[in-house]
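For reference, the structure discussed in these notes is given below.
Protein chains: 2
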Amino acid sequence: MEDDPTPPASPPTALDIVRTRSLASLVSQELEAMILSGALPAGERLNEQQLALRLGVSRGPVREAVRGLERSGLVVSVRNQGSYVRSVSAAEALEIYDLRAALTGLACARLAGTATPAQLEALGALLRRMEAAWEADAATEYYAANLDFHAALLQGGGPRGQRLYEDLGNELHLFRRRALVEPENMRESNAEHAAILAAIAAGDALAARAAGEAHIAGGKRRFQATDASQPSARQQALPAPRRRARRLA
Amino acid sequence: MEDDPTPPASPPTALDIVRTRSLASLVSQELEAMILSGALPAGERLNEQQLALRLGVSRGPVREAVRGLERSGLVVSVRNQGSYVRSVSAAEALEIYDLRAALTGLACARLAGTATPAQLEALGALLRRMEAAWEADAATEYYAANLDFHAALLQGGGPRGQRLYEDLGNELHLFRRRALVEPENMRESNAEHAAILAAIAAGDALAARAAGEAHIAGGKRRFQATDASQPSARQQALPAPRRRARRLA
DNA sequence: CAAGTGCAGGCTGTCAACAGTTTGCCGGGG
DNA sequence: CCCCGGCAAACTGTTGACAGCCTGCACTTG
Chain A
0 MEDDPTPPAS
10 PPTALDIVRT
20 RSLASLVSQE
30 LEAMILSGAL
40 PAGERLNEQQ
50 LALRLGVSRG
60 PVREAVRGLE
70 RSGLVVSVRN
80 QGSYVRSVSA
90 AEALEIYDLR
100 AALTGLACAR
110 LAGTATPAQL
120 EALGALLRRM
130 EAAWEADAAT
140 EYYAANLDFH
150 AALLQGGGPR
160 GQRLYEDLGN
170 ELHLFRRRAL
180 VEPENMRESN
190 AEHAAILAAI
200 AAGDALAARA
210 AGEAHIAGGK
220 RRFQATDASQ
230 PSARQQALPA
240 PRRRARRLA
Chain D
0 MEDDPTPPAS
10 PPTALDIVRT
20 RSLASLVSQE
30 LEAMILSGAL
40 PAGERLNEQQ
50 LALRLGVSRG
60 PVREAVRGLE
70 RSGLVVSVRN
80 QGSYVRSVSA
90 AEALEIYDLR
100 AALTGLACAR
110 LAGTATPAQL
120 EALGALLRRM
130 EAAWEADAAT
140 EYYAANLDFH
150 AALLQGGGPR
160 GQRLYEDLGN
170 ELHLFRRRAL
180 VEPENMRESN
190 AEHAAILAAI
200 AAGDALAARA
210 AGEAHIAGGK
220 RRFQATDASQ
230 PSARQQALPA
240 PRRRARRLA
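Going down the list, the sequences are from chains A and D.
Residues in the first sequence are numbered consecutively from 0, following numbering that gives the first Met the number 0.
Residues in the second sequence are numbered consecutively from 0, following numbering that gives the first Met the number 0.
And the structure:
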């Protein structure tokens with residue numbers, strides 16, 4: 000979407016950012032990115048002072064940001080002890096897959112009844128993009144297109160479900176470094192994508208729902224296969240017992 | 000830890016509360032209750048100073064609490080302008096029903112495979128409680144038992160889904176004052192409850208899922224019927240344009 | 001040598017104050 | 001009569017500072 004009836008879709012001016020976003024929201028965004036990128040691994044302790052210093056702000060906005068992240072499930076806090084990047088257990092990861100499957104199925108079903116030709120064409124384009132990426136063996140490109148495909152799917156389902164799906168996907172990143180889509184899986188995964196699109200295009204809500212659910216279930220299966228996912232009986236609730244900065248002398 | 004590995008389910012001591020909960024979390028809890036009870040209606044502006052004064056704390060904890068509520072969808076904030084209790088449009092309310100249906104179906108399906116006799120008995124007891132409430136024409140009692148029944152259902156599904164369901168239920172309260180369950184609806188609703196329990200007891204995951212979804216879909220239908228739900232084309236994004244405290248003189 | 005105790009340091013929880021922005025009101029001009 | 005610029009109040013955004021708690025080390029004691 001280059002330009003629109005709304006203001007000329009300008010790349011958000013620096014001035015606009017300052018005028019519309021508070022420091023707390025920016026810090027929240029930054030922390031979320033750091034967590035999802037792995038710069039702050041699961042179990043890591045969040046030192047407010049350190050983060051504030053590093054981001055060049057006061058502790059207030061940092062605390063507000065952490066509260067938000069706590070609500071969204073990326074962080075857990077203990078009074079007088081600190082906040083930690085949440086670690087997701089294997090059981091929780093599997094449940095999250097189930098939830099995403101239900102959400103995806105719902106979105107696909109609705110999309111089967113409401114999809115416009117433009118939407119169908121956009122989905123088809125993403126499908127071809129993934130196919131091309133698979134043939135070129137470009138894993139990261141496939142990964143990006145895959146993300147876009149799912150986003151487009153969920154967007155057709157409704158705004159609330161979309162946000163839920165994104166949040167759950169973020170949480171999934173907290174189960175260790177997730178295994179990226181393996182090459183041999185790309186083909187299987189994309190075949191499922193095609194099935195989803197076909198059902199939507201046919202206007203068959205039930206089939207679309209089943210295909211959407213089956214796709215995420217397949218992802219869950221592939222996830223279980225690659226990641227042995229029986230590390231220890233249960234992951235500890237508070238992984239990093241507060242690593243203290245070592246005194247110099 | 001007075002005398003046991005797991006202290007005898009003591010009602011949380013005042014000291015424990017002080018020791019484990021921060022002011023921010025308590026304020027968050029309080030604000031949430033005020034919003035859900037209708038004391039702070041949808042669209043209402045949240046004045047930080049006023050709330051802080053009223054709750055006897057500083058603005059810091061209030062701000063942190065509001066950030067959490069913002070993430071959970073109960074509040075929307077605009078920089079330099081304030082925070083408002085979110086108003087949910089009719090379209091959003093309907094989507095939320097769909098999401099809850101999917102979540103409930105998922106939980107029922109899983110429960111059909113894992114339910115213990117104790118869980119089945121507990122669900123049965125709640126069912127009878129609702130029936131008794133219906134015969135006694137005790138709407139509030141029915142309402143409470145209904146809440147418990149659904150909570151028990153979702154509890155069997157998994158902790159993450161349960162929290163999601165609760166959050167969505169809370170959001171639903173923001174669509175005006177929701178109409179309580181009408182007397183004639185109680186019987187229909189409870190029949191659906193019985194169908195759910197029967198399917199779970201039979202261990203039929205597919206039927207349980209369908210029954211769970213159908214029940215929420217029924218709720219959606221009843222919701223649409225009672226609440227005309229076409230108030231105006233779309234609800235304004237920022238309902239209360241900042242009512243300013245009137246000067247005295 | 002093991003266990004218990006006291007102390008220092010760091011960090012969180014909370015508060016009060018300052019700066020910037022928005023809002024509503026009032027008066028002057030077209 | 002309507003519109004517009006200036007003004008003052010209120011409120012939010014942010015910061016810095018203080019108090020209390022927890023942690024870990026060192027020392028003492030049996």
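Cβ coordinates follow ideal geometry from the N, Cα and C atoms, glycine included.
If you're wondering where the values come from, they're calculated on a predicted model, not measured in any experiment.
{"Check": "Close-in-space but distant-in-sequence residues of the same chain around residue 212(A) (CB under 6 Å, 5 per side omitted)", "Outcome": "100, 104"}
{"Check": "Any C-beta of chain A under 7 Å from that of residue 212(D)", "Outcome": "no"}
{"Check": "C-beta atoms of residue 170(A) and residue 75(A) nearer than 7 Å", "Outcome": "no"}
{"Check": "C-beta atoms of residue 67(A) and residue 109(D) nearer than 7 Å", "Outcome": "no"}
{"Check": "Separation of residue 223(D) from residue 23(D), as counted between CA atoms", "Outcome": "37 Å"}
{"Check": "DSSP-derived helix/strand/coil call for residue 72(A)", "Outcome": "coil"}
{"Check": "Nearest-angstrom Cα separation, counted from residue 216(D) out to residue 97(D)", "Outcome": "7 Å"}
{"Check": "Straight-line gap, residue 194(D) to residue 134(D) (C-alpha atoms, nearest Å)", "Outcome": "19 Å"}
{"Check": "Opposing strand residues paired with residue 81(D) [DSSP bridges]", "Outcome": "77(D)"}
{"Check": "Exposure label - residue 57(A); buried when at least 16 CB within 10 Å", "Outcome": "exposed"}
{"Check": "Where residue 242(A) falls, given that 16 or more other Cβ within 10 Å makes a residue buried", "Outcome": "Reliability of the predicted coordinates at residue 242(A) is poor, the pLDDT of 49 falling under 50, and no value is obtained from them."}
{"Check": "Residue 159(D) beta carbon less than 7 Å from that of residue 94(A)", "Outcome": "yes"}
{"Check": "Spatial distance of residue 233(A) from residue 90(A) (CA atoms)", "Outcome": "Because the pLDDT at residue 233(A) is just 39, under 50, the model does not fix this residue reliably, and the value given afterwards should be weighed accordingly. Those two C-alpha atoms are separated by around 9 Å."}
{"Check": "Rounded Cβ spacing between residue 63(A) and residue 62(D) (contact assumed at less than 8 Å)", "Outcome": "6 Å"}
{"Check": "Unbroken alpha helix (DSSP H) run spanning residue 169(A), endpoints", "Outcome": "158-171"}
{"Check": "Run of the alpha helix (DSSP H) containing residue 103(A), from where it starts to where it stops", "Outcome": "89-113"}
{"Check": "Where residue 190(D) falls, given that 16 or more other Cβ within 10 Å makes a residue buried", "Outcome": "exposed"}
{"Check": "Whole-angstrom C-beta distance between residue 84(D) and residue 41(D), which should lie under 8 Å", "Outcome": "5 Å"}
{"Check": "Three-state secondary structure (DSSP) of residue 221(D)", "Outcome": "helix"}
{"Check": "Cβ neighbour criterion (16 or more within 10 Å) applied to residue 14(D)", "Outcome": "exposed"}
{"Check": "Residue 43(D), enclosing alpha helix (DSSP H) - first and last residue", "Outcome": "Note, residue 43(D): premise wrong, no alpha helix (DSSP H); not H, not E."}
{"Check": "Exposed unless 16 or more other CB atoms sit within 10 angstroms - verdict on residue 60(A)", "Outcome": "buried"}
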